[in-house]
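**Q**
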Amino acid sequence: MTTDDGAGDDAYWRRPDPDAPGGVSGPPRASGPGIPDESTGPDGSAGAGPVGYSGPPVGSPPPPSWRPPVVVNPAPPGTLPPQDLAALDGAERNARTVTYGVGMIAAAVMIILTCLLCSRLVF
């Protein structure tokens, strides 16, 4: 959708030409409540120039009783049963022995299978 002069529909979005006659052209500035105008200052006085960001609005602190009331207090935590460290060490030793035994059996089976496969390739 371009016209014969080459301006096209996107002329609205192009940067304004500072050398153009008639001043700066471009999209119109938004105006309304809460949107500052370039011709007025932050206090509404005329001719103050462009307005910058003055920061977020200052809020008021919450009232002292803003938290909800506590309805139920939780029960205090219970105590853990005592641990038998000697029995724990014995159980860990037994588990390590079983783990090593299973690993040794698996390694022996893998070695036997590897030897069988290699002998099939050689003979």
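All residue numbers for the sequence shown refer to the numbering used here, where the first residue is 1086 and numbers rise by one.
Beta carbons: idealized from backbone N, C-alpha and C, even for Gly.
Do you know offhand how far M1195's Cα is from L1170's?
**A** Along the sequence shown, read from residue 1 onward, the residue named residue 1195 stands at position 110. Along the sequence shown, read from residue 1 onward, the residue named residue 1170 stands at position 85. Roughly 38 Å separates the two Cα atoms.
**Q** In whole angstroms, give me the CA-to-CA distance for A1191 and P1166.
**A** Counting from 1 along the sequence shown, the entry for residue 1191 is found at position 106. Counting from 1 along the sequence shown, the entry for residue 1166 is found at position 81. Spanning the two alpha carbons is a distance of roughly 39 Å.
**Q** To the nearest angstrom, how far is the alpha carbon of A1180 from that of V1157?
**A** Counting from 1 along the sequence shown, the entry for residue 1180 is found at position 95. Counting from 1 along the sequence shown, the entry for residue 1157 is found at position 72. Each residue's alpha carbon lies about 45 Å from the other.
**Q** Could you compute how far the alpha carbon of R1178 sits from the alpha carbon of P1162?
**A** In the sequence shown, the residue the question calls residue 1178 occupies position 93. In the sequence shown, the residue the question calls residue 1162 occupies position 77. Rounded to the nearest angstrom, the two C-alpha atoms are 33 Å apart.
**Q** Give the range of the alpha helix (DSSP H) segment to which V1194 is assigned.
**A** Here residue 1194 refers to the residue found at position 109 of the sequence shown. Segment L1170 to V1207, the alpha helix (DSSP H) holding V1194.
**Q** Rounded to whole angstroms, what is the Cα-Cα separation between V1155 and P1146?
**A** Residue 1155 sits at position 70 when you count from the first residue of the sequence shown. Residue 1146 sits at position 61 when you count from the first residue of the sequence shown. Roughly 22 Å between the two C-alpha positions.
**Q** Does D1104 come out as helix, strand or coil in the three-state DSSP assignment?
**A** Stepping through the sequence shown from its first residue, residue 1104 is reached at position 19. Looking at D1104 - three-state DSSP - the assignment turns out to be coil, as it is neither helix nor strand.
**Q** Would you identify the three-state DSSP class for Y1216, choosing helix, strand or coil?
**A** Only positions 1086 to 1208 of the chain appear in the structure, and residue 1216 is not among them; the question remains open.
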